[in-house]
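Residue numbers (numbering that gives the first Met the number 0), protein chains in the order written: chain X, 0 to 482; chain V, 0 to 122; chain Y, 0 to 509.
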Amino acid sequence: MLAFEATWSLMTPEIVLGALAMLVFTIDFMTGIHEKKPFIGRLSIFSLLVTAVLVLVMNPQGGQIGDTFLVDPFAMVFKLIILVGVALVIMMSMNYLDRNEDIYQGEYYSILLFTALGAMIMVSSADLITLFIGLEIVSISSYALAGFKKHNIDSTEASIKYIVLGGTASAFILFGMSYLYGLTGTTSLYEIGAAMPELFADYTVMIMISLLFMLGGFGFKVSMVPFHMWAPDVYYGAPTPVTAFLATVSKLAAFGIIIRVFTLGFESIYAEWAFIVATIAAITMIVGNFIALTQQDVKRLMAYSGIAQAGYILVPIATVLNNFSITVIIFYSVAYIMMTLGAFSIITLVSEQSGRKTGMDTFAGLYQRSPYMAVAMAIFLLSLAGLPFTAGFIGKANIFLLAINGNMLWLAIIMIVTSIISFYYYFGVIKQMFMAEPKPNAEEIKVPGGIQAVVTVTLAGTVLLGILPNLLLDLFTGFNWMI
Amino acid sequence: MGLSAYYDNYIIVLIFLILGILLPVVALTFGRFVRPKNPYAEKVTTYESGIQPKGDAQVRYHVAYYLVALEFIIFDVETVFLFPWAVALDQLGWYGLNIMLIFLTILVLGLAYSWKKRVLEWN
Amino acid sequence: MMGNILLWLIVVPLVGALLILTIPREYTNVIRSLAGLTAAVALVLSLVLWGMFDRGAAGMQFYEQLEWFTLGFMQVNFEIGADGLSVPLIALTTIVTLFSIVASFTIEHRVKEFYVWTLVLLTGMLGVFVALDMFLFFLFFELTLIPMFFLIGIWGGKMREYASFKFLIYTGLGSGIMFITFIVIYVQAALVSFPDPMSFSIVELTEAYTEGAAAGAVGGAMKGGMFLALFTAFAIKLPVFPFHTWLPNAHVEAPTAASMILAGVLLKMGGYGLIRVGFGIMPDQAARFATLIAVLGVINIIYGALLALVQTDLKALVAYSSISHMGIVLLGIASITEAGMQGAIFQLVSHGFISALLFFMVGAIYSRTKTRTISEMGGLSHSVPVLAGFMLAAAMASLGLPGMSGFVSELMAFIGIFGAPAEILPQAVTLGVIAVVGIIFTAAYLLWAMQRTTFGPPKEKYAGLVDAKPMEYVPMVGLLAFTILIGVYPFILSDVINTTVIDLVSKIGG
Chain X
0 MLAFEATWSL MTPEIVLGAL AMLVFTIDFM TGIHEKKPFI GRLSIFSLLV
50 TAVLVLVMNP QGGQIGDTFL VDPFAMVFKL IILVGVALVI MMSMNYLDRN
100 EDIYQGEYYS ILLFTALGAM IMVSSADLIT LFIGLEIVSI SSYALAGFKK
150 HNIDSTEASI KYIVLGGTAS AFILFGMSYL YGLTGTTSLY EIGAAMPELF
200 ADYTVMIMIS LLFMLGGFGF KVSMVPFHMW APDVYYGAPT PVTAFLATVS
250 KLAAFGIIIR VFTLGFESIY AEWAFIVATI AAITMIVGNF IALTQQDVKR
300 LMAYSGIAQA GYILVPIATV LNNFSITVII FYSVAYIMMT LGAFSIITLV
350 SEQSGRKTGM DTFAGLYQRS PYMAVAMAIF LLSLAGLPFT AGFIGKANIF
400 LLAINGNMLW LAIIMIVTSI ISFYYYFGVI KQMFMAEPKP NAEEIKVPGG
450 IQAVVTVTLA GTVLLGILPN LLLDLFTGFN WMI
Chain V
0 MGLSAYYDNY IIVLIFLILG ILLPVVALTF GRFVRPKNPY AEKVTTYESG
50 IQPKGDAQVR YHVAYYLVAL EFIIFDVETV FLFPWAVALD QLGWYGLNIM
100 LIFLTILVLG LAYSWKKRVL EWN
Chain Y
0 MMGNILLWLI VVPLVGALLI LTIPREYTNV IRSLAGLTAA VALVLSLVLW
50 GMFDRGAAGM QFYEQLEWFT LGFMQVNFEI GADGLSVPLI ALTTIVTLFS
100 IVASFTIEHR VKEFYVWTLV LLTGMLGVFV ALDMFLFFLF FELTLIPMFF
150 LIGIWGGKMR EYASFKFLIY TGLGSGIMFI TFIVIYVQAA LVSFPDPMSF
200 SIVELTEAYT EGAAAGAVGG AMKGGMFLAL FTAFAIKLPV FPFHTWLPNA
250 HVEAPTAASM ILAGVLLKMG GYGLIRVGFG IMPDQAARFA TLIAVLGVIN
300 IIYGALLALV QTDLKALVAY SSISHMGIVL LGIASITEAG MQGAIFQLVS
350 HGFISALLFF MVGAIYSRTK TRTISEMGGL SHSVPVLAGF MLAAAMASLG
400 LPGMSGFVSE LMAFIGIFGA PAEILPQAVT LGVIAVVGII FTAAYLLWAM
450 QRTTFGPPKE KYAGLVDAKP MEYVPMVGLL AFTILIGVYP FILSDVINTT
500 VIDLVSKIGG
């Protein structure tokens with residue numbers, strides 16, 4: 000007889016989020032199709048907050064459901080990052096949706112909530128199948144979100160490119176997983192990890208193929224080279240808040256599963272794949288930063304900058320995977336979410352005020368039109384570039400320390416040289432804001448409440464973490480990230 | 000079974016595949032060289048049961064067909080899950096009933112959504 | 000902690016900048032006065048520091064350490080202190096900045112932001128000279144890039160955007176290399192001292208590398224590589240051939256006040272870093288590469304002078320003369336003698352004053368004649384006698400006329416190079432002779448430029464020019480006075496730096 004087992008309570012945050020997402024979804028279709036519904040946005044933020052509280056409060060010591068669903072400090076912190084990220088994206092979108100008539104509001108919020116749910120399942124998975132379920136929930140929801148502006152041809156193009164390429168990436172992942180299953184007879188990451196040493200000796204080629212295919216599939220989602228080609232077009236065509244979501248939450252959740260799979264599954268053969276990942280990291284940083292130099296559109300610029308940032312996050316994965324490096328990655332993830340969401344919210348604001356265009360010239364003279372926003376944007380860009388007294392700098396300094404300590408001096412050198420090169424395009428936007436004259440018919444910018452809130456929160460986070468990083472680092476010392 | 004037996008099975012599939020491709024290719028090529036060639040205008044037109052073909056070869060169809068097919072797939076898979084559950088219900092007990100009810104509720108909500116949003120209407 | 004004068008030195012300009020932010024942009028006179036007042040307070044503090052400094056004691060004084068944060072096993076502290084090397088440079092910074100702020104009172108465009116950026120720049124520069132923790136040093140070093148980017152980019156000349164980006168990326172690259180090298184130095188030392196924790200402090204690292212465990216444990220090739228990387232990083236800032244190409248663009252396009260600070264102080268940060276970090280932490284490597292440093296110094300002197308000789312733009316000529324004069328600093332360091340090191344530090348301070356004065360004069364002349372082309376100018380001694388006189392004085396100081404500080408610094412640097420120990424610098428005498436030839440070139444281009452612009456028959460187009468205004472007397476007289484003061488009474492400076500120099504040089508075998 001099947002009976003209710005208490006360990007299911009480990010999934011409470013996910014279940015609650017799922018139920019609330021269905022509630023939002025139901026309320027939406029019960030109240031008419033096309034009216035503006037700000038209350039649904041607030042309800043969504045409320046559900047995310049409730050879920051975040053549940054994540055914090057329930058199961059502080061962690062646990063597992065069978066061998067599939069895992070709650071440990073790593074999963075909890077990543078879930079918090081995801082929930083905060085999606086909440087900020089929703090706050091950023093509320094005014095955007097009101098001004099864009101061809102977006103269906105109710106579905107937008109509920110799909111975002113489902114994406115958050117999928118991402119939470121992703122980072123909590125200890126089994127290949129659970130991981131894939133979470134990944135697909137996020138992916139398919141993202142495909143829908145990318146194409147949300149139904150009458151805009153760029154949005155449709157973005158969505159179709161994302162579907163086709165994303166489907167291929169999922170196929171890669173499944174192929175790699177199938178090899179692992181075939182060799183070990185199990186999909187549990189723990190058992191695969193345990194069996195890995197002997198397996199690798201017998202079936203080297205098959206394990207490497209499976210590793211490379213899985214890395215390729217996951218790499219698609221984090222936009223690492225050479226699986227990055229979707230990023231510029233999809234980022235450009237999707238509605239700007241969706242781009243913000245893709246650039247932050249989706250990327251970070253995928254990094255979460257890369258870390259999970261490589262720590263639980265492939266750790267014993269670290270020596271084999273470390274150099275591959277390091278090379279990919281180096282190429283990603285170089286390609287991302289160099290192509291960004293020529294961009295004239297802000298959203299494409301951020302896409303290539305995001306590709307380069309993915310390269311930076313890959314560096315700690317390539318050097319060593321222990322508690323300290325995971326702390327470094329998580330610190331950089333928090334810093335990255337703060338600065339990228341802040342930058343994107345200001346891009347949303349500025350593009351809406353300039354007739355939905357996103358060229359570099361929409362930023363012209365922003366300092367004279369709205370000084371607070373220009374300064375905030377400058378600080379976010381400085382943080383992305385890695386200049387002192389910002390969270391981005393501390394994050395990068397951490398990564399350097401890790402790389403040099405792990406005898407990968409060449410990687411650290413490539414990272415710093417490409418970071419300096421990135422100054423050019425980040426300062427290009429700053430130059431537009433501070434040095435160029437505003438367009439003749441540009442008016443004062445009225446900042447909607449949602450964007451104001453997002454900018455304030457992310458600015459505070461970026462500057463605080465830059466001056467007093469101990470606030471976060473002290474919390475994480477002594478953590479044993481993975482059970 | 001050793002590794003070579005594992006590969007042996009795949010070789011059988013490969014041979015099957017090659018033969019499958021070769022058969023029609025050989026048949027058609029052989030026919031091409033053997034049959035007489037005498038084309039004229041009426042012989043080369045598309046066949047449509049004696050009627051004169053008119054209009055484009057590509058036919059556009061109502062997008063509602065696609066939406067109905069989508070809905071059908073979803074509820075069909077739901078039905079597929081319902082069958083084994085129904086057969087094993089006495090062993091699953093109340094717990095099994097509750098879980099399936101949750102599953103059904105989620106899908107009913109989806110149906111309610113498509114009903115309300117006029118997805119199933121044809122106009 | 001409240002009584003630590005160095006802390007006040009860093010905080011005062013920052014507070015000044017924040018105060019200016021609160022003033023509405025229309026009240027330009029209030030903003031100017033507040034900026035000048037802040038710089039004056041900083042100057043007074045640095046003079047108090049000068050007075051309070053204990054000449055006889057070696058090592059760091061006014062030391063302060065606050066715990067900041069921990070990255071893994073790396074402990075970063077807010078650690079500041081001053082010794083005989085930093086105190087003169089701090090004084091130089093505050094003096095040049097005050098005069099540069101006075102010189103910029105004529106700017107009318109976006110006044111508020113100009114002074115905010117200048118004061119933030121002052122904070123950064125002072126921070127560099129007092130920072131004892133390498134991480135903090137790097138933070139302040141990098142911090143100076145941003146205000147200078149804006150100063151050149153907004154208030155500069157025709158090619159200002161190109162110049163500001165070139166400055167940013169080029170010197171940014173130097174800071175990046177410096178940062179990586181710092182971390183490598185730290186990791187090597189930490190690995191050796193494990194399990195004792197190692198801080199990022201310059202003092203501790205100097206000890207570890209010169210006397211402590213790391214001296215023997217870290218391999219010669221590794222130390223050599225680290226020193227070369229550090230040298231490259233500071234060479235971009237100083238600048239040293241072949242990393243000097245950012246300097247002409249940046250100097251020529253920058254507004255007068257920014258050029259004064261750029262030539263007067265920012266270049267000195269490169270020299271300071273080389274002595275403090277490069278020479279201080281790895282003096283044996285400095286001795287090993289002494290020939291390379293000396294050769295580069297000589298190339299700087301000759302190449303800079305030759306390039307200055309062919310310039311048609313007066314401001315570019317002064318910029319190339321800066322490159323040339325920085326070569327003397329390298330010669331002094333490479334000689335590994337007390338006299339040479341004193342000469343290098345003297346040159347840092349003296350050239351700071353002289354180049355600031357030169358750039359101010361060029362700016363003053365440019366605002367009147369609307370041209371910087373030497374061939375178009377002429378006979379200025381008839382139209383604007385006071386300005387022409389001060390410009391001539393500045394040119395004399397730059398070519399090392401006895402009685403001015405330039406002479407003292409060059410003399411000591413040459414005494415050092417000719418007296419360099421033979422096992423460290425075998426070709427010392429040859430290099431010294433070539434360098435002296437460079438001095439002749441210096442005199443050539445300066446005298447030629449002065450003859451073309453100042454002397455000769457008066458030109459009608461310059462007949463009605465206004466001579467020096469009262470506000471302009473302040474920087475001219477002030478900077479020239481300091482130059483003559485050091486030239487006539489060098490003891491006032493050598494007294495402060497003596498103990499530190501002896502301490503530094505003694506680390507090489509002695």
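C-beta atoms are modelled at their ideal positions from N, C-alpha and C, and glycine is treated no differently. Bear in mind that the values here come from a model prediction, so they are computed numbers and not experimental data.
Beta-carbon within less than 8 Å of ILE393(X)'s beta-carbon, same chain only, minus the 5 sequence neighbours each way: which residues are those?
Residue numbering aside, residue 393(X) sits at position 394 when the first sequence is read from its first letter. Only PHE330, ALA334, LEU464, GLY465, PRO468 meet the Cβ criterion.
Can you find a CB in chain V that lies within less than 8 Å of the CB of THR114(X)?
Here residue 114(X) is taken as the residue at index 115 of the first sequence, counted from 1. No, no contact with chain V.
Determine the DSSP secondary structure at ILE79(Y), reduced to helix, strand or coil.
Stepping through the third sequence from its first residue, residue 79(Y) is reached at position 80. Note: ILE79(Y) maps to strand in three-state DSSP.
Within 10 angstroms of the Cβ of ASN76(Y), are there 16 or more other Cβ atoms? Answer buried if so, exposed if not.
Numbered from its first residue, the third sequence carries residue 76(Y) at position 77. It counts as buried.
Step through the CB atoms of chain Y and report whether any lies within less than 8 Å of the CB of MET376(X).
Residue numbering aside, residue 376(X) sits at position 377 when the first sequence is read from its first letter. So, not an interface residue.
Out of curiosity, what's the CA-to-CA distance linking GLY509(Y) and GLY83(Y)?
For this step, residue 509(Y) is matched to residue 510 along the third sequence. For this step, residue 83(Y) is matched to residue 84 along the third sequence. Reliability fails at GLY509(Y), whose pLDDT of 40 lies under 50, so the model's placement of it is uncertain and the value that follows must be treated cautiously. Cα to Cα, the separation comes out at about 19 Å.
Return yes when the Cβ of ALA363(X) is within less than 8 Å of the Cβ of VAL314(X), no when it is not.
As a working mapping, residue 314(X) is identified with position 315 in the first sequence. As a working mapping, residue 363(X) is identified with position 364 in the first sequence. The answer is no: Cβ separation not under 8 Å.
Among ILE100(Y), GLY126(Y), ALA421(Y), which has the Cα closest to the Cα of ALA333(Y)?
For the purposes of this step, residue 333(Y) is taken as residue 334 along the third sequence, with counting starting at 1. The candidate whose alpha carbon is nearest that of ALA333(Y) is ALA421(Y).
Under 8 Å by Cβ, that's how I've got GLY405(Y) and ALA396(Y) pegged, so tell me the actual separation to the nearest angstrom.
Within the third sequence, residue 405(Y) is the residue found at index 406, counting from 1. Within the third sequence, residue 396(Y) is the residue found at index 397, counting from 1. Between ALA396(Y) and GLY405(Y) the Cβ distance is about 5 Å, and since that is below 8 Å, they are a contact.
Pull up the CB-CB distance for THR290(Y) and GLN426(Y), whole angstroms please, since I reckon it's below 8 Å.
The residue you call residue 290(Y) lines up with position 291 of the third sequence. The residue you call residue 426(Y) lines up with position 427 of the third sequence. Yes, they are in contact, since the Cβ atoms of THR290(Y) and GLN426(Y) sit about 7 Å apart, within 8 Å.
By how many angstroms is the C-alpha of GLU266(X) removed from the C-alpha of LEU8(Y)?
Counting from 1 along the third sequence, the entry for residue 8(Y) is found at position 9. Counting from 1 along the first sequence, the entry for residue 266(X) is found at position 267. For LEU8(Y) and GLU266(X), the distance between alpha carbons rounds to 52 Å.
Which residues in chain V have a C-beta closer than 8 Å to the C-beta of MET21(X)? List them in chain order.
Here residue 21(X) refers to the residue found at position 22 of the first sequence. Neighbours of MET21(X) on chain V, chain order: ILE105, LEU108.
With a threshold of 16 other CB atoms inside 10 Å of the CB of ASN321(X), please say whether the residue is buried or exposed.
As a first step, residue 321(X) must be located in the first sequence, where it is residue number 322. When all chains shown are included, ASN321(X) counts as exposed.
Please decide whether THR455(X) counts as near chain V, where near means a Cβ-Cβ distance under 8 Å.
On the first sequence, residue 455(X) is found 456 positions in, with the first residue counted as 1. By this cut-off, THR455(X) is not an interface position.
Touch check for the region 286-297 of chain X and the region 374-384 of chain X: three-plus C-beta pairs under 8 Å?
Cβ pair count under 8 Å is below three, so no.
Measuring straight from C-alpha to C-alpha, what distance separates GLY218(Y) and SER124(X)?
Taking the first residue of the third sequence as 1, we reach residue 218(Y) at position 219. Taking the first residue of the first sequence as 1, we reach residue 124(X) at position 125. About 46 Å.
Got a sec, what are the start and stop residues for the beta strand (DSSP E) PHE490(Y) sits in?
Along the third sequence, read from residue 1 onward, the residue named residue 490(Y) stands at position 491. Counting along the chain, PHE490(Y) falls outside any beta strand (DSSP E), though it belongs to the alpha helix (DSSP H) covering 490-505.
Who are the Cβ neighbours of GLN310(Y) in its own chain at under 6 Å, not counting the five residues just before and after it?
Your numbering for residue 310(Y) matches position 311 in the third sequence. Only LEU316 meet the Cβ criterion.
Cα separation between LEU21(V) and GLY105(X)?
Taking the second sequence and counting its residues from 1, the one referred to as residue 21(V) is at position 22. Taking the first sequence and counting its residues from 1, the one referred to as residue 105(X) is at position 106. LEU21(V) and GLY105(X): Cα-Cα distance of roughly 54 Å.
Verify the CB distance criterion: does TYR112(V) have a CB-CB separation below 8 Å to chain X?
What you label residue 112(V) is simply residue 113 of the second sequence in a count that begins at 1. Chain X, which has a Cβ nearer than 8 Å to the Cβ of TYR112(V), makes this yes.
Consider the Cβ of PHE24(X): report whether some Cβ of chain V lies at a distance smaller than 8 Å.
Sequence index remark: in the first sequence, residue 24(X) carries index 25 (1-based). It does; some Cβ of chain V falls within 8 Å.
Run the CB neighbour count on SER32(Y), radius 10 Å, all protein chains shown included, and call it buried at 16 or more, exposed below.
For the purposes of this step, residue 32(Y) is taken as the residue at position 33 of the third sequence. Classification of SER32(Y): exposed, given that the 10 Å Cβ count is below 16.
Considering Cα atoms alone, identify which of GLN295(X), PHE38(X), ILE136(X), ASP473(X) is closest to ILE162(X).
Position 163 of the first sequence, counted from the first residue, corresponds to residue 162(X). Nearest C-alpha to ILE162(X): ILE136(X).
Tell me, please, whether the CB atom of MET0(X) is closer than 8 Å to any CB atom in chain Y?
To locate residue 0(X), count along the first sequence from 1; it is residue 1. With a pLDDT of only 46 at MET0(X), under the threshold of 50, the placement of this residue in the model should not be trusted; the figure read from the coordinates follows. No, no contact with chain Y.
Return helix, strand or coil for PHE61(Y), following the three-state DSSP convention.
Counted from its first residue, the third sequence places residue 61(Y) at position 62. DSSP places PHE61(Y) in strand when its eight states are reduced to three.
Thinking C-alpha only, which one of ILE153(Y), SER198(Y), ALA412(Y), GLU471(Y) is nearest PHE104(Y)?
Counted from its first residue, the third sequence places residue 104(Y) at position 105. With distances taken between Cα atoms, PHE104(Y) lies closest to GLU471(Y).
Measuring straight from C-alpha to C-alpha, what distance separates GLY109(V) and MET99(V)?
Locating residue 109(V) in the second sequence gives position 110, where the first residue counts as 1. Locating residue 99(V) in the second sequence gives position 100, where the first residue counts as 1. Each residue's Cα considered, the two are about 15 Å apart.
Compute the Euclidean distance between the alpha carbons of MET0(X) and LEU48(X), then round it to the nearest angstrom.
The residue you call residue 0(X) lines up with position 1 of the first sequence. The residue you call residue 48(X) lines up with position 49 of the first sequence. The predicted model places MET0(X) with a pLDDT of 46, which falls under 50 and marks its position as unreliable; any figure quoted below should be read in that light. Distance between the alpha carbons of MET0(X) and LEU48(X): 37 Å.
Mind listing the chain V neighbours of PHE131(X)? Cutoff is C-beta to C-beta under 9 Å, in chain order.
Here residue 131(X) is taken as the residue at index 132 of the first sequence, counted from 1. Chain V residues near PHE131(X): none, gap ~17 Å exceeds 9 Å.
Would PHE28(X) count as contacting chain V if we go by Cβ distances under 8 Å?
Position 29 of the first sequence, counted from the first residue, corresponds to residue 28(X). Judged by the 8 Å Cβ criterion, PHE28(X) is in contact with chain V.
Counting along the chain, where does the beta strand (DSSP E) carrying GLY55(Y) start and finish?
As a first step, residue 55(Y) must be located in the third sequence, where it is residue number 56. Here GLY55(Y) belongs to no beta strand (DSSP E), and DSSP marks it neither H nor E.
Please determine, among ALA355(Y), GLN284(Y), HIS250(Y), ALA262(Y), the residue with the shortest C-alpha to C-alpha distance to ALA220(Y).
Along the third sequence, one-based indexing puts residue 220(Y) at 221. The shortest C-alpha separation from ALA220(Y) is found at GLN284(Y).
Please classify THR390(Y) as buried or exposed, where buried requires at least 16 other C-beta atoms within 10 Å of its C-beta.
In the third sequence, residue 390(Y) corresponds to position 391, counting from 1. Looking at the sequence itself, residue 390(Y) is Met, so the reference to Thr does not match. Looking at its Cβ environment, which holds 16 or more other Cβ atoms inside 10 Å, MET390(Y) is buried.
ILE403(X) CB to nearest chain Y CB: under 8 Å?
As a position in the first sequence, residue 403(X) is number 404, starting the count at 1. Yes, contact with chain Y.
Among VAL239(Y), ILE298(Y), LYS314(Y), which has the Cα closest to the Cα of ALA253(Y)?
Along the third sequence, one-based indexing puts residue 253(Y) at 254. It is LYS314(Y) whose Cα lies nearest to the Cα of ALA253(Y).
Nearest chain X C-beta to LYS116(V) closer than 8 Å, yes or no?
Within the second sequence, residue 116(V) is the residue found at index 117, counting from 1. True, the Cβ-Cβ gap to chain X drops below 8 Å.
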